[in-house]
Each structure stands twice: as C-alpha cells, then as structure tokens.
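> In UniProt numbering, the protein residues as written are 1 to 300. A virtual CB, placed ideally from N, CA and C, is assigned to each residue, including glycine. Just so it is clear, the structure is predicted and the values come from calculations on it, not from any experiment.
Below, the structure written as structure tokens:
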C-alpha cells in the first residue's frame, strides 16, 4: 500500500513516500481503507520527536490519527460500511491507504456527512467533549472560561458545555468576537484582558496556552480547575490552580455522538484545505504556520 512515513525525527521534510505491506488487523480490530485523514498539530509534534522521551516510536512510522473511510474487514462493522475515528498514536497511523483500528475506537458515518468532514472530527471533537464531560463534569449554571473557542477543539468544547447548560465566557482574538457569539458563547472577552472585572470563573478550559491565558486565569475561583490541551505552558505564578494537561481517549461512542451533532447542524467543522496524501509535508507546514480557519485534510 502507499503510505507517507518518517524514518527519523525532524521537520516536514522528513515525511516521505513508501510502499508498505497492508496492516493485518488483530482480534478486536477493523481494517479500514482510508479515504481521508486529518492533519492535527499533534502530528507535527510526533514527527519532531517532542514525545520521544516517554513515548518512542519505531521507524518507519506512519503519522495521522484521525481517519475516515470504508471497512475492508474485521469485527463489529460490515465490509463497505463508512466509518471514522481516532487512532492510538502509538500505532501506525492514517497517512496511508489502509489502517488497522480498534473496533471500539470507530463509529459509523451518518448519512449526509462526507468522509473529509468525518475525518476532521475525532481528535478535536473528542478532546473538547471529554474536557467538558470527563475532565470537569461541568453542570448547568457553572461559569466556564473557554480560551480559543473558534478553534476546532474550542468549538466542540463550547457545543458540549452549552448542551449541559453551562454559562460560557469565550476568550478569543478581537476579530473573532462576533463569530464566537454566534456559536453560542454567553459572553466574549479578549485574550489577555487583564482589566476584565466580571464574576470569577468556576473552571477554565484552555486550548491556547501562554501568558495571555494566564492573565485571565487569575479570575478563576479558589477551588476551580484549569484544564489545558495546549503544549505552550501557562505561567503559573499567582494562579489559583495548577494547570492540568488533558489527555484525550479514543472512543467510538463519543465519536458517534459528535458525528450526529455535526450531521444535525448543531456544531460545524470548517475545513480550510483538502490536499492529496502525497502533499502531507505541505499540509503539516500549513498547520504549523497557523492562521487557518479550519482543518487540513489529506485524501486518497
């Protein structure tokens, strides 16, 4: 099968084409013919070796942990069924024609949802949903500060929080104020607004990181929690809580809920670019440069 692999850590230039045997699904796994794979910021971090000290990978390694495609064979799904899901990052990923995926990581793609959009959902959607539900177990009436609400993770966190009746204060760049209000935020403030004087936040979900977030987090109530999905550290001096990094877990049932919400128009997943698989290096450059209003997707 065709695949894009890395044989060493480094910049996007280390991504290279390869011809590999197709994976053999193990018990409990499904072999999927990949139609689309999302490019996430984490892909570049794995490529660069950021996690090598505690999560080494063997070479050649295939990146890409969000896929959508059709079932070839395996357990739990019928051949030809459209599926999508998040892969285990310690396994070989989705920048390939085929991938073996744990059946309980997959969900069916609803009618009316195209495969590139389905591929854009898993990591961002599961992270946002699980931060709200598993991470903080937010309840109706609580006040949540959500940073980066216009990003992919932020959009899903905003959706999940509003589904629970949470009062969401979204912190975004000034240019995004009106757009994030239209997504359902109850209040909108500027990132880094040190003069904000509203009531304290019960909890914080951060998708941005950095000093601008730290300035707002000083308004977190004592006993509140600060969950972050960002790898850029938040300066901890003077904060009421220690930032906790949130680790997402692949989940077919959670993915199914998210896909149903997207198909019903309850939450949108903008796609900025769709590129062929052989342009994976360019796709990662685009993601790392930032400034995109949507996901980057690779297709076979």
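Name the two residues that bound the continuous alpha helix (DSSP H) containing residue 84.
Counting along the chain, residue 84 falls outside any alpha helix (DSSP H), though it belongs to the beta strand (DSSP E) covering 82-86.
> Output the distance between the C-alpha atoms of residue 188 and residue 147, rounded to the nearest integer angstrom.
10 Å
> Measure how close the beta-carbons of residue 201 and residue 219 come, nearest whole angstrom, since I'm counting them as under 8 Å.
Their Cβ separation, rounded to whole angstroms, is 6 Å, which keeps residue 201 and residue 219 in contact under 8 Å.
> Can you check whether the CB of residue 62 is closer than 7 Å to the CB of residue 11?
no
> How far does the alpha helix (DSSP H) with residue 130 in it reach, from first residue to last?
122-130
> Measure the beta-carbon distance from residue 255 to residue 121 and round it to whole angstroms, keeping in mind my assumption that it falls under 8 Å.
7 Å
> Name, in chain order, the residues that DSSP records as bridge partners for residue 249.
BP columns for residue 249 are empty, so no partner.
> According to DSSP, is residue 225 helix, strand or coil?
strand
> Could you tell me whether the stretch 21-31 touches the stretch 43-54, where touching means 3 or more Cβ pairs closer than 8 Å?
no
> When you compare only the Cα positions, how much space is there between residue 178 and residue 206?
Their Cα atoms are separated by approximately 20 Å.
> Helix, strand or coil: how does DSSP classify residue 9 here?
Reduced to three states, the DSSP call for residue 9 is coil.
> What separation, rounded to the nearest whole angstrom, lies between the Cα atoms of residue 169 and residue 300?
40 Å
> Given that a residue counts as buried once 16 or more other Cβ atoms are within 10 Å of its Cβ, and exposed if not, what is residue 293?
exposed
> What is the DSSP secondary structure of residue 30, reduced to helix, strand or coil?
strand
> Is there contact between the stretch 119-135 and the stretch 225-236, where contact requires at least three CB pairs shorter than 8 Å?
yes
> Give every residue of the same chain whose Cβ lies closer than 8 Å to the Cβ of residue 8, excluding the five residues on either side of it in the sequence, and list them in chain order.
14, 59
> Is it buried or exposed, residue 40, if we count other Cβ atoms within 10 angstroms and call 16 or more buried?
buried
> Kindly indicate which three-state DSSP category residue 156 falls into: helix, strand or coil?
helix
> In whole angstroms, what is the alpha-carbon distance linking residue 64 and residue 114?
19 Å
> Considering only residues of the same chain and omitting the five flanking positions on each side of residue 80, which have a CB-CB separation below 7 Å?
70, 71
> With respect to the beta strand (DSSP E) encompassing residue 136, which residues constitute its N-terminal and C-terminal limits?
From DSSP, residue 136 is part of no beta strand (DSSP E); its letter is neither H nor E.
> With DSSP run on the structure shown, which of helix, strand or coil describes residue 244?
strand
> Please classify residue 301: does DSSP put it in a helix, a strand, or coil?
The structure shown has nothing for residue 301, since the chain only spans 1 to 300.
> Between which two residues does the alpha helix (DSSP H) harbouring residue 117 extend?
115-119
> Expressed to the nearest angstrom, what Euclidean distance is found between the alpha-carbon atoms of residue 162 and residue 184?
7 Å
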